[in-house]
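Enquirer: Okay, handing you the structure first.
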Amino acid sequence: MTPLRVAAAQAAAVPGDLVANAATAGRLVRRAGDAGARVVVLPEAFLVGYDGPVLAGPLPTPAQATGPVLDPVRESCRATGTTALVGVALDRGATRTLSLLLARPDGEVVPAYDKQHLDADEKQVFTTGDAGASVRVEGHELGLAVCYDACFPEHARAAAEDGALGYLVSAAWFRGAEHRRDLHHAARAVENGSYVVVSGLTGRCGGSDFSGGSAVYDPEGRPLARLGTEEGVAVADLDPALVAATRARHTMLADHRSALDTGPGGLGQRRVR
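Each step along the sequence shown adds one to the number in the numbering used here, with nothing skipped, and position 212 is 1311.
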């Protein structure tokens, strides 16, 4: 199977301005597509902006978020043949979720994944997603994650065990957490012998500063492409042959013993007296 070119895009988001953020997202998707990317990931909650008052206030419904406001992304996907994953916060009526929208080259846009691990103040506003998700692009399986999800090894492992070539992370890391940001993503790559593609919000959004750091990590956890805090796209190829070779050489994924996950009193832990 041939390699798949992907891009992690980053820019600053305007709090609460769906039109402005969709225009920026469309521009980034076009830039990634022009660089040959078949898939591009954008940061967490990018369409609304990751800002506390915005996230706690009125949010778009799925119909609103996938409607005409997203036409700049839709048009860029059509023009370049690129699939895009756009971070958003949604009002689903009974629940509110931090989600990813999937925009395909044929113009279809659908909610694809709801964040399964909520951090800090998010717990007061949002509901956790109840299932993992993946997308298939040109025959390649790609697991989906939103920010804090990637801090949990089992989340990326589930994607790898389902055959994912790469783990796509839409993120928003605050300034000051750069070490943890880079460590988590590199570790998920090494543990599973798979690629990790992370898109990070950058710049000022409301009352917070974000650190960017979008990158593509290879199956050994090395960055193939990485941004600082500038607007841009990090582009790299995901090679199935390298994933297979890495997993044959470093067999952690195959050697994982699920019985050790049972916690206190189970096979995985005992008290030495």
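Just so it is clear, CB atoms sit at the ideal spot from N, CA and C, and this is done for glycine as well.
#1: Beta-carbon within less than 7 Å of Leu1366's beta-carbon, same chain only, minus the 5 sequence neighbours each way: which residues are those?
#2: With DSSP run on the structure shown, which of helix, strand or coil describes Asp1213?
#3: Determine the closest residue to Asp1308 out of Pro1157, Tyr1212 and Glu1277, with distance taken between C-alpha atoms.
#4: Using the beta-carbon count (16 or more within 10 Å), is Val1153 buried or exposed?
#5: Specify whether the stretch 1332 to 1343 and the stretch 1100 to 1110 touch according to this definition: at least 3 beta carbon pairs, one from each stretch, less than 8 Å apart.
#6: Suppose you measure from the CA of Thr1350 to the CA of Ala1324; what does that come to, to the nearest Å?
#7: For Ala1131, I'd like the list of residues in its chain whose CB is within less than 7 Å of its CB, leaving aside the five on either flank, ordered along the chain.
#8: Quick one: what's Glu1240 bridged to in DSSP?
#9: Measure the C-alpha to C-alpha separation of Ala1119 and Arg1346 and round it to an integer number of angstroms.
#10: Comparing C-alpha positions only, which one of Glu1330, Gly1228 and Val1315 sits nearest to Val1268?
#11: Does Pro1171 pass the burial test, meaning 16 or more other C-beta atoms within 10 Å, or should it be called exposed?
#12: Report the rounded CA-to-CA distance for Asp1190 versus Pro1159, giving the unit in angstroms.
#13: In the DSSP assignment, find the alpha helix (DSSP H) that holds Leu1117 and state where it starts and stops.
#14: In the DSSP assignment, find the alpha helix (DSSP H) that holds Arg1372 and state where it starts and stops.
#15: Roughly how many whole angstroms lie between the Cα atoms of Leu1341 and Gly1292?
#16: With 16 other CB atoms within 10 Å as the buried threshold, where does Arg1137 fall?
#17: Just to confirm, are Ala1270 and Cys1246 a CB contact at a threshold of 7 Å?
#18: Can you give me the start and stop residues for the beta strand (DSSP E) that Ser1175 sits inside?
#19: Tell me, to the nearest whole angstrom, how far the beta carbon of Lys1214 is from that of Asp1248; I am working on the premise that it is less than 8 Å.
#20: Go ahead and label Asp1218 buried or exposed: buried means 16 or more other beta carbons lie within 10 angstroms of its beta carbon, across all protein chains shown.
#21: For Glu1283, collect the residues of the same chain with a Cβ closer than 8 Å to its Cβ; drop the 5 residues on either side in sequence, then sort them by chain order.
#22: Can you tell which of Trp1272, Pro1322 and Arg1303 has its C-alpha closest to the C-alpha of Val1296?
#23: So for Thr1196, helix, strand or coil by DSSP?
#24: Residues in the same chain with beta-carbon distance under 7 Å from Val1289, minus the five sequence neighbours each way, listed in chain order, please.
#25: May I ask which residues mark the beginning and end of the alpha helix (DSSP H) holding Leu1103?
#26: Grouping DSSP H, G and I as helix and E and B as strand, with all else coil, what is Thr1182?
Expert: Judging by the given coordinates:
#1: Counting from one through the sequence shown, the residue named residue 1366 turns up at place 267. Low local confidence applies: a pLDDT of 49 at Leu1366 is under 50, so the model's placement there is unreliable, with the coordinate-based value given in what follows. If we look at Leu1366 and ignore the five residues flanking it on each side, its Cβ neighbours are Ala1358 and Leu1359.
#2: The residue you call residue 1213 lines up with position 114 of the sequence shown. Three-state result, Asp1213: strand.
#3: Counting from one through the sequence shown, the residue named residue 1308 turns up at place 209. Nearest C-alpha to Asp1308: Glu1277.
#4: As a working mapping, residue 1153 is identified with position 54 in the sequence shown. Buried: at least 16 other Cβ atoms inside 10 Å.
#5: yes
#6: Numbered from 1 along the sequence shown, position 251 holds the residue referred to as residue 1350. Numbered from 1 along the sequence shown, position 225 holds the residue referred to as residue 1324. One C-alpha to the other measures close to 25 Å.
#7: Position 32 of the sequence shown, counted from the first residue, corresponds to residue 1131. Cβ neighbours of Ala1131 beyond the five flanking positions: Ala1106, Ala1108, Val1139, Thr1181, Val1332 and Val1334.
#8: Here the question's residue 1240 lines up with position 141 in the sequence shown. Paired residues: Arg1235.
#9: The sequence position of residue 1119 within the sequence shown is 20, counting from 1. The sequence position of residue 1346 within the sequence shown is 247, counting from 1. One C-alpha to the other measures close to 43 Å.
#10: Residue 1268 sits at position 169 when you count from the first residue of the sequence shown. Answer by Cα proximity: Val1315.
#11: For this step, residue 1171 is matched to residue 72 along the sequence shown. With 16 or more Cβ atoms within 10 Å of its Cβ, Pro1171 is classed as buried.
#12: Taking the first residue of the sequence shown as position 1, residue 1190 is located at position 91. Taking the first residue of the sequence shown as position 1, residue 1159 is located at position 60. Cα-Cα distance, rounded: 6 Å.
#13: Mapped onto the sequence shown, residue 1117 falls at position 18. Leu1117 to Asp1133 is the extent of the alpha helix (DSSP H) around Leu1117.
#14: Locating residue 1372 in the sequence shown gives position 273, counting from the first residue. Neither: Arg1372 is in no alpha helix (DSSP H) and is coded neither H nor E.
#15: Looking up residue 1341 in the sequence shown gives position 242. Looking up residue 1292 in the sequence shown gives position 193. Each residue's Cα considered, the two are about 9 Å apart.
#16: One-based indexing of the sequence shown puts residue 1137 at position 38. Result: buried.
#17: For the purposes of this step, residue 1270 is identified with residue 171 of the sequence shown, where counting begins at 1. For the purposes of this step, residue 1246 is identified with residue 147 of the sequence shown, where counting begins at 1. Closer than 7 Å, so yes.
#18: Counted from its first residue, the sequence shown places residue 1175 at position 76. Unbroken run through Ser1175 is the alpha helix (DSSP H), Asp1170 to Thr1179; no beta strand (DSSP E).
#19: Against the sequence shown, residue 1214 aligns to sequence position 115. Against the sequence shown, residue 1248 aligns to sequence position 149. That pair is a contact at about 6 Å.
#20: For the purposes of this step, residue 1218 is taken as the residue at position 119 of the sequence shown. By the neighbour-count rule (16 or more Cβ atoms within 10 Å), Asp1218 is not buried but exposed.
#21: On the sequence shown, position 184 is the one that residue 1283 refers to. It should be noted that the sequence gives His, not Glu, for residue 1283. The residues are Ala1249 and Cys1250.
#22: Residue mapping note: residue 1296 aligns to position 197 of the sequence shown, counting from 1. Comparing Cα-Cα distances from Val1296 to each of Trp1272, Pro1322 and Arg1303, the minimum goes to Pro1322.
#23: The sequence position of residue 1196 within the sequence shown is 97, counting from 1. Strand.
#24: Taking the sequence shown and counting its residues from 1, the one referred to as residue 1289 is at position 190. The answer, listed in chain order, is Glu1319 and Gly1320.
#25: The count along the sequence shown starts at 1 and reaches residue 1103 at position 4. That residue, Leu1103, is in no alpha helix (DSSP H); its beta strand (DSSP E) goes Leu1103 to Gln1109.
#26: Here residue 1182 refers to the residue found at position 83 when the sequence shown is read from its first residue. Thr1182 falls in the strand class under three-state DSSP.
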